[in-house]
Amino acid sequence: MPPVVLAQHVTKWYGSRRAVADVSFAIEPGEIVGLLGPNGSGKSTIFRMLTGYLVPTSGRIEVAGCDVVSDSLGVRRAISYVPEDAPLYDHMRVGEFLHFMAGLKGLHGAGARGAVDEAAERLELTAVMMLPAGKLSRGFRQRVSIAQALLANPKVLVLDEPTSGLDPHQVIAVRDLIRSLAGRHTVLMASHILPEIEKIASRVMILLDGRLLTSDALKEMTQHLALRLSSSSPYALIVLAAQGVSGVREVAPDADAGTGHYLVRAERRASLPADLIAALVAADVAVSELTEVRPDLERVFLDLTKRLGEAA
1 MPPVVLAQHV TKWYGSRRAV ADVSFAIEPG EIVGLLGPNG SGKSTIFRML TGYLVPTSGR
61 IEVAGCDVVS DSLGVRRAIS YVPEDAPLYD HMRVGEFLHF MAGLKGLHGA GARGAVDEAA
121 ERLELTAVMM LPAGKLSRGF RQRVSIAQAL LANPKVLVLD EPTSGLDPHQ VIAVRDLIRS
181 LAGRHTVLMA SHILPEIEKI ASRVMILLDG RLLTSDALKE MTQHLALRLS SSSPYALIVL
241 AAQGVSGVRE VAPDADAGTG HYLVRAERRA SLPADLIAAL VAADVAVSEL TEVRPDLERV
301 FLDLTKRLGE AA
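Heads up: the sequence shown at position 70 corresponds to 70 in UniProt numbering, and the numbers run straight through without jumps.
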């Protein structure tokens with residue numbers, strides 16, 4: 001089955017400023033993919049190109065087999081976009097707004113009523129359908145924004161910072177909602193909150209300064225090994241012994257754990273911890289602990305950023 005979203009060598013310039021630099025990726029049907037990066041990294045620019053709001057300076061983007069430049073109407077029929085702080089018509093009641101949006105998406109009569117009723121039920125909006133949008137909490141406004149995006153049953157749903165500004169209860173509710181969309185829709189969501197995107201997405205792409213550092217950060221997390229070492233021996237002796245073990249990439253003080261604790265980063269292979277212990281013992285390094293540390297997105301992001309800086 002071909003990818004539902006395909007970007008090939010996409011670059012976007014705003015005058016003399018390059019916002020996106022030679023980005024390529026593919027997204028399969030039914031995936032929930034997170035696009036992670038700090039503010040200003042190019043996430044919103046990529047989303048606006050995907051949805052036809054902006055035209056790439058160079059490169060090619062397809063959504064559901066439709067080119068965003070030559071077949072923008074086909075793209076818009078296949079995709080729905082919820083930007084950060086999506087505006088609502090505050091004077092409209094929720095039900096009126098959803099019916100209005102259904103009409104804009106080409107749904108009328110019984111088709112529109114059925115789509116609105118289904119969206120209201122899925123987003124738990126039934127109790128607020130008669131309320132003006134301007135009276136809703138931020139959490140409910142976000143639900144209404146997502147509901148209107150789902151009305152025409154899009155193949156692809158694009159969410160830009162969907163949990164931004166929500167309280168913890170609202171974040172959990174939106175997170176559960178996005179998870180429930182997997183399979184029926186392909187979801188591409190952006191965030192700069194690392195733990196949040198890790199909990200939702202099945203795959204995470206990391207963007208920095210307009211460049212794609214990885215198209216699968218979660219895979220990167222499992223490919224490399226991180227070990228926490230506790231020792232009273234001198235740091236220089238530990239580094240010397242560890243660097244003699246094949247696959248060890250770095251030994252650094254563990255700032256979170258305090259004095260006498262170190263993080264050893266290495267290639268993942270079954271015998272590496274035993275090889276490391278043997279090398280440390282042979283070098284008379286006093287080892288009181290050696291445990292595997294599950295890497296998180298923050299560590300992967302920092303490692304990738306460091307590698308990018310060294311290569312620049």
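Glycine included, each C-beta is placed from N, C-alpha and C at the ideal position.
For the alpha helix (DSSP H) containing residue i, list its first residue and its last residue.
i: Arg93; result: Careful: Arg93 lies outside any alpha helix (DSSP H) and carries neither H nor E.
i: Lys43; result: 43-50
i: Gly109; result: 109-122
i: Gly74; result: 72-78
i: Ala274; result: 272-282
In angstroms, rounded to a whole number, what distance separates the CA positions of residue i and residue j?
i: Leu35; j: Leu207; result: 7 Å
i: Glu28; j: Asp209; result: 25 Å
i: residue 337; j: Ala226; result: No answer is possible for residue 337: the residues shown for the chain start at 1 and end at 312.
i: Leu98; j: Gln148; result: 6 Å
i: Pro83; j: Gly106; result: 21 Å
i: Val300; j: Arg211; result: 16 Å
i: Leu157; j: Ala279; result: 51 Å
i: Ala133; j: Tyr89; result: 7 Å
i: Gly244; j: Thr291; result: 19 Å
i: Glu31; j: Ala21; result: 24 Å
i: Ile197; j: Ala282; result: 43 Å
i: Leu297; j: Gly111; result: 43 Å
i: Ile46; j: Ile200; result: 20 Å
i: Arg77; j: Thr11; result: 24 Å
i: Arg113; j: Ala255; result: 58 Å
i: Ile238; j: Ile193; result: 35 Å
i: Arg138; j: Val94; result: 14 Å
i: Val75; j: His261; result: 53 Å
i: Met205; j: Asp216; result: 5 Å
i: Ala102; j: Gly15; result: 37 Å
i: Ala241; j: Leu218; result: 30 Å
i: Val5; j: Ala266; result: 34 Å
Using the beta-carbon count (16 or more within 10 Å), is residue i buried or exposed?
i: Thr51; result: buried
i: Ala81; result: The residue you asked about is not Ala; residue 81 is Tyr in the sequence shown. The residue is buried, with at least 16 neighbouring Cβ atoms inside 10 Å.
i: Leu104; result: exposed
i: Arg268; result: exposed
i: Glu124; result: exposed
i: Ala127; result: exposed
i: Gly37; result: buried
i: Pro162; result: buried
i: Glu289; result: exposed
i: Tyr235; result: exposed
i: Gln142; result: buried
i: Pro195; result: exposed
i: Leu229; result: buried
i: residue 313; result: With the chain covering 1 to 312 only, the question about residue 313 has no answer from this structure.
i: Ile172; result: exposed
i: Asp160; result: buried
i: Leu150; result: buried
i: Glu121; result: exposed
i: Val55; result: exposed
i: Leu213; result: buried
i: Lys43; result: buried
i: Leu188; result: buried
i: His91; result: exposed
i: residue 323; result: The structure shown does not extend to residue 323, since the chain spans only 1 to 312, so no value can be given for it.
i: Ser145; result: buried
i: Thr222; result: exposed
i: Ser231; result: buried
i: Ser41; result: buried
i: Ser191; result: buried
i: His185; result: buried
Just curious, the beta strand (DSSP E) that residue i is in, first and last residue?
i: Gly34; result: 32-36
i: Val239; result: Careful: Val239 lies outside any beta strand (DSSP E), inside the alpha helix (DSSP H) at 235-242.
i: Leu227; result: 224-231
i: Leu212; result: 211-214
i: Leu290; result: 287-292
Does any residue of chain D have a CB that is nearer than 8 Å to the CB of residue i?
i: Tyr89; result: Included in the structure is just one protein chain, with no chain D present.
When DSSP builds the beta bridges, which residues end up paired with residue i?
i: Pro253; result: Tyr262
i: Arg60; result: Gln8
i: Tyr81; result: Val158
i: Leu131; result: Answer is none; Leu131 lacks a bridge partner.
i: Met205; result: Leu35
i: Asp67; result: Glu62
i: Val248; result: Ala266
Kindly provide the ranges of any beta strand (DSSP E) runs that are 3 or more residues long and lie completely inside the stretch 143-197, ordered along the chain.
For the beta strand (DSSP E) assignment, the uninterrupted runs of no fewer than 3 residues enclosed by the stretch 143-197 are, from N- to C-terminal side, 156-160, 186-191.
Please give the ranges of any beta strand (DSSP E) in the stretch 3-29, keeping only runs that are unbroken, at least 3 residues long and fully inside the region.
5-14, 17-27
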